[in-house]
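Note sheet for the following structure.
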Amino acid sequence: MEFGPTDVEIHAVSIAVELGDVGEAIEVGSGLDTSTLSLERRARLKMDLGRAFAQRCQVGDSLGALLDAEGLSPDLIHTHVAARDAIQDLLLVAGRTAPSELKGLADRADERP
């Protein structure tokens with residue numbers, strides 16, 4: 008069982024992203040030490056940070072977090088609706104200048120137009 012202060016903070020990050028308080032999500036989530044948590048919990052945090060950065064149109068930061076999450080748990084990123092929505096949003100923001108890594112992630116998540 009992983010329940011503890013860090014897990015509570017991961018839930019707080021998720022809630023902040025859902026409520027649109029991305030500054031809070033990034034502030035809390037960026038400083039967490041998740042080294043003792045499962046891959047799934049670490050991936051979830053990275054996914055939520057990626058979503059938060061995407062809401063700020065920070066393509067590079069968002070892509071980095073989403074790729075980290077994909078490395079930890081590919082299925083989470085490829086199948087989670089919110090992750091796929093963030094990928095689609097990043098593609099729209101980046102437009103023709105979308106990095107090849109983003110295009111590859113979109114292909115793997117089947118989100119590329």
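Residue numbers for the sequence shown follow this note's numbering, so the first one is 8 and each next one is one higher.
Glycine is no exception: its CB is placed at the ideal position from the N, C-alpha and C atoms.
As the structure is a computational prediction, the values presented were derived from the model and not from experiment.
Assigned secondary structure, residue i (DSSP; H/G/I helix, E/B strand, else coil)
| i | result |
| --- | --- |
| Pro-106 | coil |
| Leu-44 | coil |
| His-87 | coil |
Rounded distance between the beta-carbons of residue j and residue i, thought under 8 Å
| i | j | result |
| --- | --- | --- |
| Gly-36 | Val-15 | No, Gly-36 and Val-15 are not in contact; Cβ-Cβ is about 12 Å, not under 8 Å. |
| Asp-96 | Ala-50 | Actually they are not in contact, since the Cβ atoms of Asp-96 and Ala-50 sit about 19 Å apart, beyond 8 Å. |
| Leu-26 | Met-54 | Not a contact, Cβ separation roughly 16 Å. |
Where residue i falls, given that 16 or more other Cβ within 10 Å makes a residue buried
| i | result |
| --- | --- |
| Ile-84 | buried |
| Gly-30 | exposed |
| Gly-57 | buried |
| Glu-77 | buried |
| Thr-86 | exposed |
| Ser-80 | buried |
| Val-66 | buried |
Cutoff 6 Å; reference residue i; Cβ partners in own chain excluding five residues on either side
| i | result |
| --- | --- |
| Ile-33 | Ala-59 |
| Thr-43 | none |
| Ala-23 | Glu-31 and Ala-32 |
| Ala-90 | Met-54 and Ile-84 |
Close Cβ partners of residue i (< 7 Å) along its chain, the five nearest in sequence each way excluded
| i | result |
| --- | --- |
| Asp-68 | Phe-60 |
| Pro-106 | Leu-70 |
| Leu-52 | Ile-17, Val-20, Gly-36, Leu-39 and Thr-41 |
Residues near residue i in its chain [Cβ-Cβ closer than 8 Å; skip 5 each side]
| i | result |
| --- | --- |
| Glu-108 | Leu-70 and Leu-74 |
| Gly-11 | none |
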